[in-house]
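Protein chains: 2
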Amino acid sequence: MEIREVLARNLRILRQAKGLSQEELAHSAGIDRTYISSLERSIYNASIDVVDRLATVLDVKAMQLLDPDTDAVMRLGREQTIKTPSK
Amino acid sequence: MEIREVLARNLRILRQAKGLSQEELAHSAGIDRTYISSLERSIYNASIDVVDRLATVLDVKAMQLLDPDTDAVMRLGREQTIKTPSK
DNA sequence: TTGTGACTTAGAGTCCGTT
DNA sequence: CAACGGACTCTAAGTCACA
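In order, the protein sequence lines correspond to chains D and G.
Residue numbers for the first sequence follow our numbering, beginning at 1 and rising by one.
Residue numbers for the second sequence follow our numbering, beginning at 1 and rising by one.
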């Protein structure tokens with residue numbers, strides 16, 4: 001399992017868990033919409049900087065986006081759905 | 001704290017814990033010698049593929065190289081020192 | 001709303017060397 | 001053994017048009 005596929009899956013899981021479209025996520029992270037699409041299709045080896053920016057928007061740590069454990073990531077996604085913005 | 005600095009520190013900690021030189025690590029991971037040096041000095045934003053290959057050589061998961069928790073990484077480093085190659 | 005191709009450019013990553 | 005520089009190549013980064 002390529003690391004870029006792990007990122008692709010986690011990205012999509014967490015993005016959908018937050019109810020965001022690729023466009024919304026892209027805008028929040030200051031990244032182009034089509035680039036998000038590319039990442040979710042494992043086209044590129046993202047840099048850790050991009051991973052970090054996406055993680056911030058998705059309310060997780062950068063390291064969690066690279067976690068191959070899908071279940072753990074989905075649990076994380078559900079938490080994020082419940083723990084709404086607040087503050 | 002920039003993500004590339006986190007990687008830089010973790011890289012150096014784990015590499016030294018394994019008693020490897022930059023050159024040895026570079027060679028084992030199929031990466032250029034000077035590039036490892038650059039990464040440890042936070043010059044570049046590595047791609048997740050490079051992070052993954054380095055993690056493999058260092059006997060850790062890719063996600064652990066991006067862990068900002070220095071103590072956790074050092075504990076990991078000590079474990080790796082004890083649990084020698086074997087096999 | 002997303003996928004895809006075509007494109008440009010900034011920077012990742014390599015290879016030579018010296019200090 | 002590591003830091004550092006220059007010159008190079010290749011791909012990620014970023015944008016646009018269109019299905």
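Even for Gly, the Cβ is constructed at its ideal location relative to N, Cα and C.
From a predicted model like this one, the values you see are computed outputs, not experimental measurements.
query: At least one CB of chain D closer than 7 Å to the CB of residue 62/G: is that the case?
result: Position 62 of the second sequence, counting from 1, holds the residue named residue 62/G. Yes, contact with chain D.
field: 7 Å Cβ cutoff, residue 66/G in contact with chain D
entry: For the purposes of this step, residue 66/G is taken as the residue at position 66 of the second sequence. Closer than 7 Å: yes.
7 Å Cβ cutoff met for residue 62/D and residue 52/D: Stepping through the first sequence from its first residue, residue 62/D is reached at position 62. Stepping through the first sequence from its first residue, residue 52/D is reached at position 52. Contact flag set, yes.
- prompt: Rounded to the nearest angstrom, how far is the Cβ of residue 29/G from that of residue 57/G, given a contact under 8 Å?
  reply: Here residue 29/G refers to the residue found at position 29 when the second sequence is read from its first residue. Here residue 57/G refers to the residue found at position 57 when the second sequence is read from its first residue. Between residue 57/G and residue 29/G the Cβ distance is about 5 Å, and since that is below 8 Å, they are a contact.
message: Between which two residues does the alpha helix (DSSP H) holding residue 32/D run?
response: Reading the first sequence from its first residue, position 32 is the one you call residue 32/D. No alpha helix (DSSP H) holds residue 32/D; DSSP gives it neither H nor E.
query: How close, in whole Å, do the beta carbons of residue 50/D and residue 31/D come, if the pair is a contact with beta carbons under 8 Å?
result: Residue 50/D sits at position 50 when you count from the first residue of the first sequence. Residue 31/D sits at position 31 when you count from the first residue of the first sequence. Right, the Cβ-Cβ distance comes to about 7 Å (below 8 Å), so this counts as a contact.
query: Under 7 Å between the Cβ atoms of residue 46/G and residue 48/D?
result: Reading the second sequence from its first residue, position 46 is the one you call residue 46/G. Reading the first sequence from its first residue, position 48 is the one you call residue 48/D. Their beta carbons are under 7 Å apart, which means residue 46/G touches residue 48/D by this criterion.
- request: Quick one: using the 10 Å Cβ neighbour count with 16 as the cut-off for buried, is residue 41/D buried or exposed?
  value: Here residue 41/D is taken as the residue at index 41 of the first sequence, counted from 1. Counting Cβ neighbours within 10 Å, residue 41/D comes out exposed, since fewer than 16 surround it.
query: Using the C-alpha atoms, what's the distance from residue 34/G back to residue 78/D?
result: One-based indexing of the first sequence puts residue 78/D at position 78. One-based indexing of the second sequence puts residue 34/G at position 34. For residue 78/D and residue 34/G, the distance between alpha carbons rounds to 42 Å.
query: Does the distance from the C-beta atom of residue 25/D to that of residue 36/D stay below 7 Å?
result: Walking along the first sequence from the start, residue 25/D turns up at place 25. Walking along the first sequence from the start, residue 36/D turns up at place 36. In this structure, residue 36/D lies closer than 7 Å to residue 25/D by Cβ.
task: Take the Cβ of residue 15/D as the centre, count every other Cβ of all protein chains shown within 10 Å, and call the residue buried at 16 or more, exposed below.
output: Counting from one through the first sequence, the residue named residue 15/D turns up at place 15. Answer is buried; the Cβ neighbour count reaches 16.
- prompt: Can you name the residues of chain D whose CB is closer than 8 Å to the CB of residue 46/G?
  reply: Along the second sequence, one-based indexing puts residue 46/G at 46. Simply 47 and 48.
Same chain only: Cβ atoms within 7 Å of residue 74/D, ignoring 5 sequence neighbours per side: Walking along the first sequence from the start, residue 74/D turns up at place 74. Cβ within range, chain order: 13.
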